[in-house]
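Positions in the sequence shown are counted from 1; adding 325 to them yields the numbering used here. Note that the Cβ used here is the ideal one computed from N, Cα and C, for glycine as well. A short worksheet on the structure shown next.
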Amino acid sequence: MAPNATICKAVLHIADVDRQYYEDHSLTLARHPSETDERMMVRVLAFARHAHEALSFGRGLSTEDEPALWQKDATGLIELWIEVGLPDEKTIRRACGRAGEVWVYIYGGRAADQWWKQNVTALDRLSNLAIVNISSEGSRALTSLAQRNMDLHCTIQDGQVLIGDGSNAAQMDLSIWKERAGEQ
326 MAPNATICKA VLHIADVDRQ YYEDHSLTLA RHPSETDERM MVRVLAFARH
376 AHEALSFGRG LSTEDEPALW QKDATGLIEL WIEVGLPDEK TIRRACGRAG
426 EVWVYIYGGR AADQWWKQNV TALDRLSNLA IVNISSEGSR ALTSLAQRNM
476 DLHCTIQDGQ VLIGDGSNAA QMDLSIWKER AGEQ
């Protein structure tokens with residue numbers, strides 16, 4: 326954690342109808358000084374979509390060898406590696422070599438489109454990689470929920486995500502730009 330990190334707390338109530346997962350999680354997020362509200366909230370979204378008792382946040386932007394989120398088994402083997410933003414190809418290849426499953430949540434509108442065009446050929450060969458694009462509208466709506474202390478309700482059904490705080494809500498259709506081999 327960076328010395329000047331801002332600590333944000335969230336209670337995340339998850340109703341994932343697609344996975345039949347219904348749990349509440351108390352999250353503590355260390356927000357690096359250079360991290361935007363948008364990136365922090367995409368980390369929360371990624372947590373909600375992959376929620377599991379062993380899923381945890383990495384040490385953040387200042388640590389290159391850790392993802393935004395990861396899940397390890399009891400032996401320390403990395404089962405799930407999640408990146409957010411526009412990571413470089415080398416980082417993704419390294420993650421695919423270390424983890425059983427890798428997910429990348431990209432956002433940023435045209436920048437995400439350009440990133441995909443530059444990396445699609447190389448990334449298409451990685452069978453344990455999935456890439457999800459969050460629209461600009463979706464990430465903006467998600468960003469509007471960012472606070473130091475949050476109480477968020479998240480419903481996931483038929484690939485759609487609705488996250489709200491009682492006053493505001495963000496509804497997102499996530500675009501799967503690359504599926505892992507064997508997924509449909």
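- If you draw a straight line from the Cα of Ala371 to the Cα of Ile339, it comes to about 12 Å.
- For Gln396, the uninterrupted beta strand (DSSP E) run begins and ends at Leu394 to Lys397, by DSSP.
- Under a 10 Å Cβ-count criterion, Ser381 is classified as exposed, with fewer than 16 other Cβ atoms of the shown protein chains found around its own Cβ.
- Leu337: not part of any alpha helix (DSSP H); member of the beta strand (DSSP E) spanning Thr331 to Asp341, first to last residue.
- When secondary structure is reduced to three states using DSSP, Gly484 falls in the coil class, being assigned neither helix nor strand.
- Note that the C-beta distance between Leu337 and Cys479 is below 8 Å.
- Remark: fewer than three beta-carbon pairs, one from each stretch, lie closer than 8 Å, so the segment 463-474 and the segment 414-423 are not flagged as touching.
- By the neighbour-count criterion, in which a residue is buried when 16 or more other Cβ atoms sit within 10 angstroms of its Cβ, Tyr430 is buried.
- Distance check between Trp502 and each of Val486, Gly401, Arg344 and Leu454 places Leu454 closest, using alpha-carbon atoms only.
- Per DSSP, Asn493 lies in no alpha helix (DSSP H) and is assigned neither H nor E.
- For Ala436, the CB contacts under 8 Å within the same chain, skipping 5 residues up- and downstream, are Leu411 in chain order.
- Sequence-distant Cβ neighbours of Ala399 in its own chain, meaning closer than 8 Å and more than five residues away, do not exist here.
- Between Arg364 and Thr331, the gap from beta carbon to beta carbon reaches 8 Å or more.
- Val429 has Glu408 and Ile456 as its beta-bridge partners, per DSSP.
- Contact between Ala424 and Leu405 holds: their C-beta atoms lie close to 6 Å from each other, under 8 Å.
- Annotation for Ile488: Leu477, Cys479 and Ala495 place their beta carbon closer than 6 Å to its own, counting only its chain and skipping 5 residues before and after.
- For the pair Met475 and Ala373, the CB atoms are not nearer than the 8 Å cut-off.
- Arg423 carries a helical assignment under DSSP once its states are collapsed to helix, strand and coil.
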